[in-house]
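Here the structure comes first, spelled out in C-alpha cells, and everything after it is commentary.
Shown next as C-alpha cells:
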C-alpha cells in the first residue's frame, strides 16, 4: 500500500491560542504514517532538505 505523510510549514508557538491547533495535529497523527513539522526540524518550505527528510523517514 501507500504510506502517507503530513509535512507542515509550522512555527513554534506556545500561546494558549495554539492549543487547539496542537490538539488537531495530534488527532491527525493517527491517520498518517508520518507527521513532520518544519519548525521542529529547523527548516521551512520550499527548502529541498525538508522534502528529503520526509522521503528518508518514509
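Residue numbers (the working numbering): 160 to 217.
Even glycine gets a Cβ: it sits at the ideal position worked out from N, Cα and C.
7 angstroms Cβ shell around residue i - same chain, five flanking residues per side excluded
i           : result
residue 200 : 209 and 212
residue 170 : 198
residue 112 : A question about residue 112 goes unanswered here, because the residues of the chain that appear run from 160 up to 217.
Residue i and residue j closer than 8 angstroms at C-beta
i           : j           : result
residue 164 : residue 202 : no
residue 195 : residue 214 : no
residue 206 : residue 162 : no
- Message: My parser needs the beta strand (DSSP E) runs of 3 or more residues fully inside the stretch 185-212; what are they?
- Response: 193-196
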